[in-house]
Amino acid sequence: MAQPGQQHEHHEQEATTPSTTAATTTTTTDSKPKTNTSKPAAKPTHTPRRTNGRTNRAFSPRFDVFETEEAYHLYGDLPGVQDKKSVSLEFSDERTLLITGRLERKPIPSTAPTTEKRRSRNPTVEDTDDEDDFSVWLSERVFGHFQRSFSFPTPVDLEAVTAKLEAGLLEIVVPKGFVRTKRIEVQ
Numbered sequence: 001m002a003q004p005g006q007q008h009e010h011h012e013q014e015a016t017t018p019s020t021t022a023a024t025t026t027t028t029t030d031s032k033p034k035t036n037t038s039k040p041a042a043k044p045t046h047t048p049r050r051t052n053g054r055t056n057r058a059f060s061p062r063f064d065v066f067e068t069e070e071a072y073h074l075y076g077d078l079p080g081v082q083d084k085k086s087v088s089l090e091f092s093d094e095r096t097l098l099i100t101g102r103l104e105r106k107p108i109p110s111t112a113p114t115t116e117k118r119r120s121r122n123p124t125v126e127d128t129d130d131e132d133d134f135s136v137w138l139s140e141r142v143f144g145h146f147q148r149s150f151s152f153p154t155p156v157d158l159e160a161v162t163a164k165l166e167a168g169l170l171e172i173v174v175p176k177g178f179v180r181t182k183r184i185e186v187q
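Residue 119 in UniProt numbering sits at position 119 of the sequence shown, and the numbers go up by one each step.
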C-alpha cells in the first residue's frame with residue numbers, strides 16, 4: 001500500500017470484448033481493480049505488428065446458389081475485386097465449376113500531414129518515401145488467394161455459362177443441360 005504523498009503505480013490492461021466499447025481495467029497499488037466500460041475501443045487488443053498488410057491469407061468467398069427450372073444462379077461476394085482478370089472460372093469436369101482468383105489488398109496509411117519534426121524541407125536519404133512508413137494495428141478485411149467449387153446434380157450446358165463482376169458481386173448463370181443419350185445397336 002502506498003503512503004500518503006507517494007506516487008501510485010498505475011497499470012492499464014485492455015480486455016477483449018466483442019462490442020465497440022472496450023473494458024479497461026485500472027489497477028493501483030492501494031486499491032482493487034476498477035473497470036471502466038465507457039472508454040471507446042481505440043486501442044488494438046494486441047501488440048501492433050509491423051506487417052504493412054502484406055500477409056497473404058487464403059479465404060473462401062461467400063456465395064448464394066439458387067436453382068430455377070432453366071439454370072443455376074450463383075452470387076458471390078468478392079469485395080474489393082475490381083480487375084475481372086483476377087477471377088477465373090473453369091469446369092474441372094462436366095458438372096463441377098471451379099472459381100479461383102486473388103484479391104489484392106493495398107493498405108492505406110493515414111493521410112494526416114507530416115510535421116516539421118518528422119520531415120525536413122530538403123529531402124535527404126532518410127526522407128525517401130517508401131511503403132514501410134506505417135504500422136498495421138489491425139487487419140480484419142480478407143485478401144489473398146481464394147477458391148470455391150460447386151458440383152451440380154444435373155448436367156449443365158458448359159458453352160452457355162455467363163459470368164459478370166460488378167461492384168464486388170460475382171454473378172454466374174449456369175444453364176442446365178440435357179442428358180445426351182445414345183442408342184447402341186446390339187450386333
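Beta carbons: idealized from backbone N, C-alpha and C, even for Gly. Just so it is clear, the structure is predicted and the values come from calculations on it, not from any experiment.
- A direct Cα-Cα distance of roughly 15 Å separates Phe66 from Val161.
- The bridge partners DSSP lists for Glu67 are Tyr72.
- Separation of Pro175 and Arg183 (C-alpha to C-alpha, rounded to the nearest whole angstrom) is 25 Å.
- Exclusion of the five residues before and after Gly177 leaves Pro155, Val156, Asp157 as the residues of its chain whose Cβ lies within less than 7 Å of its Cβ.
- Straight across, the Cα-Cα distance linking Arg105 with Leu169 is about 17 Å.
- The C-beta of Phe134 has fewer than 16 other C-beta atoms within 10 Å across all chains shown, which makes the residue exposed.
- In the DSSP assignment, Ser60 forms no beta bridge with any residue.
- By the C-beta density criterion, Pro61 is buried, having at least 16 other C-beta atoms within 10 angstroms.
- In the structure shown, Ser139 falls within a coil segment according to DSSP collapsed to helix, strand and coil.
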